[in-house]
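Report on the structure given below.
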Amino acid sequence: MSLLEVTGLNLSITGKSILRNVDLSVAKGEIVAVTGESGSGKSMTAFSVMQLLPEGAEISGSIKLDGTDLTTLPESQLCEMRGARIGMVFQEPMSALNPVKTIGDQVAETILIHGTMSRNQARAQAHEMLGRVGLPPDQFSPTRFPHELSGGQRQRVVIAMAIALRPDMLIADEPTTALDVTTQAQILDLLKGLVAEFDMGLLMITHDLAVVSDMADRIVVMRAGEVVETGPTRQLFAKMRHPYTRMLFEASRHSVDLPEKHGSEPLLSVQNVARAYRLPRTKLFASAEHYRAVDGVSFTLRKGERLGLVGESGCGKSTLTRAILGLEPVQGGQILLNGAPVYTERGADLAVRRGMQVVFQDPFGSFNPRHRVARLITEPYHLLENPPSGTERADAVAEALRAVGLSPDDAGKYIHEFSGGQRQRIAIARALIIKPDLILFDEAVSALDVSVRARILDLVAELCESHDLSYLFISHDLSVVRTITDRVLVMRAGRIVEEGETEQVFSHPSHPYTRALIAAAPVLPDIDTQHRSHPHV
Amino acid sequence: MLRYTLKRLISLLLSLAVASLVIFAVIEIAPGDPAQFMLGVNAQPDTLAALRTELELDASKPERYLAWVGGMLQGDFGTSYTYRTPVAGMIADRLWVSLPLTIYALLISILLAFPAGIYAASRRGKMGDAAMMGTTQLGVAIPNFWFAMMLVLVLAVNLRWFNAGGFPGWDKGVWSGLHALTLPAIALALPQASILARVMRSALLDVLGEDFMRTARAKGLSRGQALWRHGLRNALIPVLTIIGLQVSFLLAGAIIIEQVFYLPGLGRLIFQSINSRDLIVVESVVMLLVFVVITVNFLVDLAYAIVDPRLRTRT
Amino acid sequence: MSRGLWIGSGLTAMMLSLALVSLIWTPYPYEQLDIPNKLLPPSLVHPLGTDHFGRDILSMIMVGIRTSMGVAIVAVAIGLVFGIPLGLLASQRKGGWIDEVIMRTNDVIFAFPLLAMAILITAVFGPSATNAIIAFGIFNIPVFARVTRGGALSLWEREFIFAARVAGKSRLRISAEHILPNILGILIVQGTIQFALGIQVEAALSFVGLGVQPPTPSLGRMLADAQTLVTIAPHIAIFPGLAIIGIVVGLNLMGDGLRDWLDPRIRVVRT
């Protein structure tokens, strides 16, 4: 019999149906992954098992842990169950810990609350668990506060809290989504090790099919509150009976064909650029230390080139992006666009700025919610001396919208009327409207679901053909950079550690950091879907 | 922590210095000749000359400012022109009424507000919450001196539980002193308690929405346990800010409400001094009020650092 | 829109119309003395009774609401006119010297309790409604500057502001075009709350003689007159007090309701 048995689970929150007839099961020592895009209900499935649902939730069906139906248990018994028999790990390690309590106390609390040990025993057990998750007390004092730890370390503390009483069942809701790829690999290894060691069942929620394929024994694919397909990992990937599963798989490893690269004159020239921030002083009379966010970076982007910039969080890519956009001064070196400096002390040099536009990451934050699309995408007209007006302007708006696959009628709408993917298209339209020489894509597809991401990548590839784009594509996502760029820079701790033709760098990385990065990135199994998607042919 | 404290201390001293400059400028420079101002237009030339000498008006303005600040640092606030007694002693006498009244009211406010706020937050959206929020909405709106008049009307005049006013002095015993301050303290505290209860409630509700509260529930803590062990201390941070602000409001309120209860506190001294244009007393009392507010802000900053470890390492 | 917002707006509208009606009509001329009919309890002739000079209390309250609201509105306007530009300017370069100067000046003003400010101003310039307005107006400047700066700072980190900067727009222009319209909600909410506070401040200052001077009636002045007579004629204290409570409850309900309606995430400064 399975450890966890969910049958016919229906969930609605304040009348809105969230889950419909969900079935799944997890056995001891088994890792079951629930995957799907946003809105699929995968996280709510996890919270249903924990019985930690928002107010107004109505649930039917059964959730049995070792034969006990959790949906009918009174709250007091659920409290005894949570933490002791089921533990949970959350997506956001930065906010999942109480900022005013030490990590040792927070881990010990799980043990104390269930009253099985004395205070001293609980502390000893907490220290042992912190050691088990890779934070040995002699190196990471348990008297530290959460803000003194990195994201990966905090996630380890959350895991220690969840497994402190060796529960039968662990639930992990997107446990590595907020983490860098190298940290992600370590946390996934840790979870896998714990499952084997404690013989736990692990229900893991993730949007990342590649993580799933590496990790899970079985996979549950969800869409819009329903389970569309479920099965053992290998078998599921081999058959992919449901078209949605196939679509997810293909979108996850979507690749595009870029037109041939051409041209050779330098467009953007970054020469030995440095930017440092003053750190808050840690000692009373010590002189302030500086954190070198960007440290002697040089590269050239030529006309017609599609250049990638990859690196993990904190590597300096955001600082570099702002400097290239001319929004912030640099302290050393210079940045030239078409031979002229992008930053000038006295306000923006419109003539230089005209040559460059940007597409940001957040499809929800990049537009003023009070303006209509026509006004939003013509904002860069401010850079022109004689911006078009009247019908000329309307035609330009219509053309830009059409170029990104939207309708000219959309010009009169407000931004909240569009989905995330449509907003990214509008952002691209805004970047295109003054026909800049260079576009910066700053994590432009990172916040999108895989299927939407695939379509935006297609759009970029199309625009390369039709608009002869040159761009700098900044991303932490290696698979995206691999398909959308000709050449790539790898950045770490403010420096470019490797540079070369994209395929060359990915297939034969020379710097150890690049090698570690590529090794840590989870990959989809190599399956010839062309063959299997038409089995009847 | 030491760094943080020192930084706050420097900022405290700077604020005091700037505030004293502003007060000096308004009192000593704005009216033109302070001596002429205090005596009025019909002053005799010789009295005017005498006062000018007493105030050392012939000295340059920076010299007079430094002399004023230097005197205050040594506890010398000058001599009141109308009462002909040292200002420091007069203020100290009155402070023995106003300060206990402020602290008394602050305690009542906190003791009422914390349970009320926690109760309302824990019953969010239910009847108890709605009733509590309705009551505090009304409490916030009631002017404390009007409430004081109503208390006198009902509890002193009709029911005769308290005296309608007056203060026996602390030498008649702590108990009778406190008894005389009870009605004023209640009148002062209720509106502030209403504000504090609302802040407590919304701070708790904010914290209840935090991810770490969900983590606590996932560990097996009940709703109540999570609120006590993880919610309260985090909610305290905004509540502390309001408590700090309330000290200055309660002190100002005390000065006003002393008028209703005929209490011999700072209030009467101030209003008499304004009427008799005794700028020396006014200047000192205003400086004192500012000093209290700035010092309380400093203490609140220190309390932040105790509650929130993130502040101890950050600047 | 919530029930609180409806009740609050209704109450405010009622009080405001009483004040406006008093411009053209009151049951009796508010300054008309009638000593033989002094301290009359409420009756059909004088719905809220008469005061110690025999003046009609309803008429006085109508004019008093007008005076008190006038004082509060002008003081809030002072806060808005100076506080918003300062807050916007400070937010444009966080931690820059302009920001430092503005915020430190604000801190110093904030350190003066409102009453201390009023005492200082009155001691030198004499008690008057104008000086009460100036004192509360100065007090409002840092309040609005802080709210504006706080709201604006979070917007400066938003990507649509970066997009506007990439489009070459100056910080001043971005402040006017993108920042201000997006913080209007918080400013309206804070404005209502400061308005309510202004009613209470006028009452307190006039009560101790630092505000509106006779013969102009204001709610605070009426309470000051009532203080010695409250035991023999409670009605002359009760009604002006209820009027104050009515206005303040109305405005506060409206402010809270507007906040929830416009954006539940807005935080206001409560002083």
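Protein sequence lines, in the order shown, are assigned to chains A, B and C. Per the working numbering, the first sequence starts with residue 11, numbered consecutively. Per the working numbering, the second sequence starts with residue 1192, numbered consecutively. Per the working numbering, the third sequence starts with residue 1282, numbered consecutively. Here a beta-carbon is modelled for each residue, glycine too, at the ideal position from N, C-alpha and C.
Query, Result
"Can you check whether the C-beta of Ser1451 (chain C) is within less than 8 angstroms of a C-beta belonging to chain A?", "yes"
"Quick check: is the beta carbon of Val1447 (chain C) nearer than 8 angstroms to any beta carbon in chain A?", "yes"
"Pick from C:Phe1391, C:Ile1342, C:Arg1336 and C:Gly1351: whose alpha carbon is nearest that of Phe1476 (chain C)?", "C:Gly1351"
"Heavy atom of the ligand SAH less than 7 angstroms from the Cβ of Ile229 (chain A), yes or no?", "Looking for the ligand SAH in the displayed structure turns up nothing, as the structure carries no ligands at all."
"Can you find a C-beta in chain C that's less than 8 angstroms from the C-beta of Val1398 (chain B)?", "no"
"Give the residues from the region 1421 to 1446 of chain C that approach chain A closer than 7 angstroms (Cβ to any Cβ), ordered along the chain.", "Arg1439, Glu1440, Phe1441, Phe1443, Ala1444, Ala1445 and Arg1446"
"Quick check: what's the CA-CA separation for Phe1305 (chain B) versus Pro1317 (chain C)?", "52 angstroms"
"Go through its chain and collect everything with a Cβ distance to Leu53 (chain A)'s Cβ below 7 angstroms, but skip five positions before and after it.", "Checking the sequence, you will find Ser at residue 53 (chain A) rather than Leu. Result list for Ser53 (chain A): Asp183 and Ile215, in chain order."
"Counting only Cβ pairs nearer than 8 angstroms, list the residues of chain A close to Gly1411 (chain B).", "Cys89, Glu90, Met91, Arg92, Gly93, Ala94, Thr120, Ile123 and His124"
"Which partner residues does Glu508 (chain A) have in the DSSP bridge list?", "A:Val500"
"With a cut-off of 8 angstroms on the beta carbons, I'd call Met60 (chain A) and Ile181 (chain A) a contact; round off their distance for me.", "6 angstroms"
"Please give the ranges of any alpha helix (DSSP H) in the region 162 to 216 of chain A, keeping only runs that are unbroken, at least 4 residues long and fully inside the region.", "191 to 208"
"Just how far apart, CA to CA, sit Phe428 (chain A) and Leu1200 (chain B)?", "52 angstroms"
"Counting C-beta neighbours from all protein chains within 10 Å, is the total for Asn1421 (chain C) 16 or more, i.e. buried, or is it exposed?", "buried"
"Are the beta-carbon atoms of Ser262 (chain A) and Phe247 (chain A) separated by less than 8 angstroms?", "no"
"Rounded to whole angstroms, what's the CA-CA distance from Arg1389 (chain B) to Gly1432 (chain C)? Just pull it up for me.", "22 angstroms"
"Under 8 angstroms: do the region 1466 to 1486 of chain C and the region 1531 to 1546 of chain C share three or more Cβ pairs, one atom per stretch?", "yes"
"Beta carbons nearer than 8 angstroms to chain C: which residues of the region 347 to 358 of chain A have them?", "Gly357 and Ala358"
"Go ahead and label Pro545 (chain A) buried or exposed: buried means 16 or more other beta carbons lie within 10 angstroms of its beta carbon, across all protein chains shown.", "Only weak support exists for where Pro545 (chain A) lies, its pLDDT of 39 falling under 50; the coordinates are left without a value."
"Hey, how far is the Cα of Arg502 (chain A) from the Cα of Val191 (chain A)?", "13 angstroms"
"What separation, rounded to the nearest whole angstrom, lies between the Cα atoms of Arg1505 (chain B) and Phe483 (chain A)?", "At Arg1505 (chain B), the pLDDT of 46 sits below 50, so the modelled position is not reliable and the matter cannot be decided from this model."
"How many whole angstroms separate the CB atoms of Glu47 (chain A) and Ser461 (chain A), which I take to be in contact at a CB cut-off of 8 angstroms?", "6 angstroms"
"Quick one: grab the DSSP three-state call for Leu1453 (chain C).", "helix"
"Give the DSSP bridge partners of Glu68 (chain A), in chain order.", "A:Ser22"
"How would you call His1421 (chain B), buried or exposed, if buried means at least 16 neighbouring beta carbons within 10 angstroms?", "buried"
"Would you say Pro1323 (chain C) lies against chain B (beta-carbon separation less than 8 angstroms)?", "no"
"Are the C-beta of Ile1400 (chain C) and some C-beta of chain B separated by less than 8 angstroms?", "yes"
"Roughly how many angstroms separate the alpha carbons of Pro1429 (chain B) and Val507 (chain A), rounded to a whole number?", "45 angstroms"
"Tell me Tyr287 (chain A)'s beta-bridge partners as DSSP assigns them.", "A:Tyr301"
"Between the alpha carbons of Ser1211 (chain B) and Ile1471 (chain B), how many angstroms are there, rounded?", "13 angstroms"
"Keeping to the same chain, check which residues put their C-beta closer than 8 angstroms to that of Phe1228 (chain B); ignore five residues upstream and five downstream.", "Pro1222, Arg1468 and Leu1470"
"Hey, Gln1508 (chain C) and Val1438 (chain B) are a contact pair by Cβ (cut 8 angstroms); roughly how many whole angstroms apart?", "Not confirmed; about 26 angstroms, so no contact."
"Is there a C-beta anywhere in chain B that falls below 8 angstroms from the one on Val1470 (chain C)?", "no"
"So, at 6 angstroms on beta carbons, what are the nonlocal neighbours of Arg95 (chain A) in its own chain, with the 5 sequence-adjacent residues on each side left out?", "Pro177 and Asp178"
"Count the other C-beta atoms from every protein chain shown that fall within 10 angstroms of the C-beta of Ala206 (chain A), then say buried if there are 16 or more, exposed otherwise.", "exposed"
"Kindly indicate which residue of B:Asn1354, B:Val1217 and B:Asp1492 has the alpha-carbon position closest to the one of Ala1339 (chain B).", "B:Asn1354"
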